[in-house]
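Student: Provided herewith is a single structure, encoded as structure tokens, for subsequent inquiry.
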Amino acid sequence: MKLAERMARLGTETAFEVLARAKALEAAGKSIINLGIGQPDFRTPDNIVEAAIKALRDGHHGYTPANGILPLREAVAADIRRHRGVEINPDDVVVVPGGKVTMFFAALMFGEPGVEILYPDPGFPIYRSVIEFAGATPVPIPLYEKNGFSFNAEEVLARLTPRTRLIMLNSPANPTGGVAPKAEFDRLVAGLEKHPQVAIMSDEIYGRLTYGNNPHVSLLSYPSIRDRVILLDGWSKTYAMTGWRIGYGVWPKGMAGHATRLAVNSNSCVNAPTQFAAAEALNGPQDSVERMRQAFDHRRRVILRELNQIPGFRCVEPVGAFYAMPNIEGTGLSSRELQTRLLEEAGVAVISGTSFGAMGEGYLRFSYAASTEEILEACQRIRRLLGLAGKAAIA
Ligand code: PLP
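Once you know that position 120 of the sequence shown is 120 in my numbering, the rest is easy, because the numbers rise by one and skip nothing.
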């Protein structure tokens with residue numbers, strides 16, 4: 001069989017591979033602490049689960065409109081008004097099976113040979129993958145530890161060329177936990193005003209997960225570029241709903257139809273009960289969101305302290321999402337080597353920074369969406385491996 005050439009350009013997400021290896025080791029009787037996969041360890045709140053069950057009992061088990069049921073798109077609009085202070089039209093919302101789908105649709109819509117698309121490095125690996133799949137040229141925006149992994153507006157603007165069609169941005173960020181400050185967004189938007197042909201996909205899936213004095217800034221809230229911002233958001237992280245598979249895009253005026261056509265040609269619609277559950281998530285009580293955020297905040301402080309006590313590690317404070325990205329150069333090992341040794345010898349699953357781009361060499365990503373006990377035990381295991389065994393012994 002001969003496959004299309006584009007299949008060779010499709011990347012992957014290492015987190016799923018590490019998860020598979022961790023499960024295999026566990027099945028073989030090894031004790032594994034999983035700080036690899038990026039999903040909340042909480043259960044979806046009961047009111048949301050009940051709404052899905054009720055929807056099924058009420059007979060909502062057929063196809064829905066491809067862009068999502070109207071009450072859900074209205075709930076999204078109300079949520080955006082509450083949390084971003086922006087009025088949007090529910091008709092510009094396209095509900096899709098997961099946050100990821102909006103980035104795939106955006107890459108397919110804008111990408112083709114000869115076109116450049118900017119994306120963060122280190123960044124969510126699917127950005128580069130879908131850009132290349134679409135045939136466009138991926139242009140990395142380097143993110144630096146010294147800036148707390150926030151993007152730098154000048155660095156972004158310096159990479160714009162007449163071939164640039166789309167910029168993908170992500171704040172709060174995976175894999176770094178970085179949150180770009182408002183002043184940086186202001187500078188970026190001022191520069192983008194001079195490039196009216198460039199669209200911006202703002203991945204704000206961790207928008208409700210920020211800590212300390214680092215408020216989330218939405219690119220949707222800038223009127224001067226509003227007509228070319230695609231907002232990517234969803235329920236996976238905020239409401240502990242990764243396995244339900246639902247997310248949404250808010251598309252610039254006139255573009256939701258294109259996204260809907262891509263949906264009609266692929267997934268048809270998101271399953272009906274999940275859409276009712278997602279509406280309850282947005283319309284119902286929000287105390288569980290805040291409870292989860294506070295738990296993440298506590299774990300964040302614990303992991304930051306612990307990581308900075310591991311020989312050869314140093315970690316800048318992550319202020320968003322649920323990831324920490326320590327610099328591990330002091331161990332003398334490459335990120336990939338250390339990822340493998342931690343999993344195979346210490347039973348700790350984490351992800352090599354290189355899975356998130358070339359700028360990730362010298363770093364590991366820790367997901368702290370795990371219990372405090374697991375975080376403490378994981379860091380102790382790593383200290384034992386690196387400290388007692390010593391560099392020479394494990395190298
Ligand atoms: N965007 C970022 C930055 C992510 O980290 C993830 C998931 O890890 C997604 C999007 C995709 O979310 P979903 O599981 O809803 O597709």
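Ideal Cβ placement from N, Cα and C applies to all residues, glycine included.
Consider the C-beta atom of ASN174 and the heavy atoms of ligand 3; say whether any pair is separated by less than 8 Å.
Tutor: No copy of ligand 3 occurs in the structure displayed; its ligands are ligand 1 alone.
Student: Report the rounded CA-to-CA distance for GLU193 versus TYR206, giving the unit in angstroms.
Tutor: The residue given as residue 193 occupies position 193 in the sequence shown. The residue given as residue 206 occupies position 206 in the sequence shown. Going by the C-alpha atoms only, they are around 26 Å apart.
Student: Quick one: what's ARG314 bridged to in DSSP?
Tutor: Within the sequence shown, the letter at position 314 stands for residue 314. DSSP lists ASN327 as partners of ARG314.
Student: Where do the ends of the beta strand (DSSP E) carrying ASP186 lie?
Tutor: Here the question's residue 186 lines up with position 186 in the sequence shown. From DSSP, ASP186 is part of no beta strand (DSSP E) but of the alpha helix (DSSP H) over 182 to 192.
Student: Would you list the one or two residues that DSSP bridges to VAL250?
Tutor: Position 250 of the sequence shown, counting from 1, holds the residue named residue 250. Answer by DSSP bridge pairing, in chain order: VAL93 and LEU231.
Student: In the segment 43 to 122, which residue ranges form an unbroken beta strand (DSSP E) of at least 3 residues, counting only runs that do not cross its ends?
Tutor: Segments of the beta strand (DSSP E) lying fully in the segment 43 to 122: 93 to 96 and 116 to 121.
Student: For ILE117, count neighbouring C-beta atoms within 10 Å of its own C-beta (all shown protein chains included) and say buried if the count is 16 or more, exposed if not.
Tutor: Locating residue 117 in the sequence shown gives position 117, counting from the first residue. Looking at its Cβ environment, which holds 16 or more other Cβ atoms inside 10 Å, ILE117 is buried.
Student: Select from ILE310, TYR368, VAL250 and TYR144 the residue whose C-alpha is nearest the C-alpha of GLU361.
Tutor: Taking the sequence shown and counting its residues from 1, the one referred to as residue 361 is at position 361. Nearest option by C-alpha distance: TYR144.
Student: Given that a residue counts as buried once 16 or more other Cβ atoms are within 10 Å of its Cβ, and exposed if not, what is LYS2?
Tutor: Locating residue 2 in the sequence shown gives position 2, counting from the first residue. So LYS2 ends up on the exposed side.
Student: Please tell me whether, using a cut-off of 8 Å, the distance from the CB of GLY360 to the nearest non-hydrogen atom of ligand 1 is below it.
Tutor: Position 360 of the sequence shown, counting from 1, holds the residue named residue 360. No, the beta carbon of GLY360 sits no closer than 8 Å to any heavy atom of ligand 1.
Student: Just tell me which of PHE366, GLY347 and VAL319 has its CA closest to the CA of ASN327.
Tutor: Translated into the one-based positions of the sequence shown, residue 327 becomes position 327. Nearest option by C-alpha distance: PHE366.
Student: CB of TYR206 to nearest heavy atom of ligand 1: below 8 Å?
Tutor: The sequence position of residue 206 within the sequence shown is 206, counting from 1. Within the cutoff, so yes.
Student: Can you tell me the Cα-Cα spacing of ALA28 and MET325, whole angstroms?
Tutor: What you label residue 28 is simply residue 28 of the sequence shown in a count that begins at 1. What you label residue 325 is simply residue 325 of the sequence shown in a count that begins at 1. If you take the alpha carbons of ALA28 and MET325, they lie about 29 Å apart.
Student: Indicate, with yes or no, if ligand 1 has a heavy atom lying under 8 Å from the CB of ASP203.
Tutor: Residue numbering aside, residue 203 sits at position 203 when the sequence shown is read from its first letter. Checking the Cβ of ASP203 against ligand 1 gives yes.
Student: Would you call TYR63 buried or exposed, if buried means 16 or more other Cβ atoms sit within 10 Å of its Cβ?
Tutor: Reading the sequence shown from its first residue, position 63 is the one you call residue 63. Result: exposed.
Student: What residue from VAL350, ARG159, ILE141 and ILE382 has the CA that sits closest to ALA370's CA?
Tutor: Translated into positions along the sequence shown, residue 370 becomes position 370. Of VAL350, ARG159, ILE141 and ILE382, the residue nearest in Cα terms is VAL350.
Student: Which same chain residues end up closer than 7 Å to GLU329 when comparing Cβ atoms and leaving out the 5 residues on each side of it in sequence?
Tutor: For the purposes of this step, residue 329 is taken as the residue at position 329 of the sequence shown. For GLU329, where only same-chain residues beyond five positions count, the Cβ hits under 7 Å are GLY362.
Student: Taking the alpha carbon of TRP235 as the reference point, which residue from PRO196, ASP203, GLY347 and TYR119 has its own alpha carbon closest?
Tutor: In the sequence shown, residue 235 corresponds to position 235, counting from 1. Among PRO196, ASP203, GLY347 and TYR119, the Cα nearest to that of TRP235 is on ASP203.
Student: Does the beta-carbon distance from TYR211 to VAL289 come in below 9 Å?
Tutor: Translated into positions along the sequence shown, residue 211 becomes position 211. Translated into positions along the sequence shown, residue 289 becomes position 289. No. Outside cutoff.
Student: For MET241, collect the residues of the same chain with a Cβ closer than 6 Å to its Cβ; drop the 5 residues on either side in sequence, then sort them by chain order.
Tutor: Here residue 241 refers to the residue found at position 241 of the sequence shown. Once the five neighbours on either side are set aside, the close Cβ partners of MET241 are THR44 and TRP235.
Student: Find out if the Cβ-Cβ distance for the pair LEU232, LEU25 is shorter than 9 Å.
Tutor: Position 232 of the sequence shown, counting from 1, holds the residue named residue 232. Position 25 of the sequence shown, counting from 1, holds the residue named residue 25. No. Outside cutoff.
Student: Helix, strand or coil for PHE366, going by three-state DSSP, please let me know.
Tutor: As a working note, residue 366 is residue 366 in the sequence shown. The answer is strand: DSSP assigns PHE366 an E or B state.
Student: Go ahead and label ILE53 buried or exposed: buried means 16 or more other beta carbons lie within 10 angstroms of its beta carbon, across all protein chains shown.
Tutor: Stepping through the sequence shown from its first residue, residue 53 is reached at position 53. Looking at its Cβ environment, which holds fewer than 16 other Cβ atoms inside 10 Å, ILE53 is exposed.
Student: Which residue wins for smallest C-alpha separation from ALA256, given the options ARG57, ARG82 and THR102?
Tutor: If you number the sequence shown from 1, residue 256 lands on position 256. Checked all of ARG57, ARG82 and THR102; the closest Cα to ALA256 is THR102.
Student: What residue range does the alpha helix (DSSP H) around MET292 cover?
Tutor: Your numbering for residue 292 matches position 292 in the sequence shown. Here the alpha helix (DSSP H) through MET292 covers 287 to 307.
Student: From the DSSP output, which residues share a beta bridge with ILE141?
Tutor: Taking the sequence shown and counting its residues from 1, one reaches residue 141 at position 141. PRO120.
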